[in-house]
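Mapping of the sequence shown onto my numbering: position 158 corresponds to residue 160, and the numbering continues sequentially without gaps.
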Amino acid sequence: MKTIIGIAGSIRAGSFNAALLRAAAEMAPAGCTVEIASIKEIPLYNGDLEASDGIPEAVARLKDRIADADGLLLVTPEYNNSVPGVLKNAIDWLSRPAADIPRVFGDKPVAIMGATPGTGATRLAQAAWLPVFRTLGAKVWFGGILYVPGARKVFDGSGNLVDEAIRERLQRYMAGFVASIAD
Ligand code: FNR
């Protein structure tokens, strides 16, 4: 059984990206589980806090979960044509201390997707994550692409993915990502 840790980069209750992550978890192929992790409890990064108290419990737990997982699925909103601060903050904490980066991120298969009510489909946010994961030594998967524009029509009021074309693309994307991870 392969395990993927899924992180949505929005802590909003009605988040389209959290909804996309839930759909991805439901559509994971046989032999794979997507465990949804939250970044809600992660504080703002502060070097003073790190020096005085060390790594916060929520960060340490998530680091271990990523380290133990076969892959990481990042579902990212786009803010001002780039990455959202709450998710960047979480990844920054997860990269501390730097000596632990190889254990957590080294050669880790990472898939990136995202949803927006706008038309740009999170293309720029997804691209903006690439230098971050290159820096962390992760292995970003380029075998598929999933951009979700027009999210208000793609999800219903309860956050269910109701667009058949996107459902099919998501299923193919998840199958491709999981198949790319060595047994
Ligand atoms: C946005 N939004 C947005 N959308 C987009 O497609 N490109 C962008 O550059 C931005 N920029 C942006 C900046 C800020 C500060 C906010 C608050 C929002 C809209 C964004 O896609 C929308 O709020 C999504 O609903 C956020 O994702 P969740 O919370 O639904 O997952």
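Beta carbons: idealized from backbone N, C-alpha and C, even for Gly.
Counting the other Cβ atoms within 10 Å of the Cβ of Pro99 gives fewer than 16, which makes it exposed. With 16 or more neighbouring CB atoms inside 10 Å of its own CB, Leu75 falls in the buried class. The region 94-110 makes contact with the region 51-70; the number of CB pairs closer than 8 Å reaches 3 or more. Burial of Pro79 is indicated by the presence of at least 16 other C-beta atoms within 10 angstroms of its C-beta.
The beta carbon of Gly16 sits closer than 8 Å to at least one heavy atom of the ligand FNR.
For the set Asn48, Ala21, Ala30, the Cα lying nearest the Cα of Ser40 is the one of Ala21. For Ile7, the pairing in a beta bridge is given by DSSP as Glu37, Leu74.
Burial is judged here by how many other beta carbons sit within 10 angstroms of a residue's own beta carbon; Arg24 has at least 16 and is buried. Annotation for Leu132: Val142 place their beta carbon closer than 7 Å to its own, counting only its chain and skipping 5 residues before and after.
Taking a 10 Å sphere around the C-beta of Gly73, we find 16 or more other C-beta atoms and assign the residue as buried. DSSP links Lys141 through a beta bridge to Pro111. A straight line joining the alpha-carbon of Asn91 with that of Ala32 spans about 33 Å.
In the DSSP assignment, Phe179 falls within the unbroken alpha helix (DSSP H) covering 166-182.
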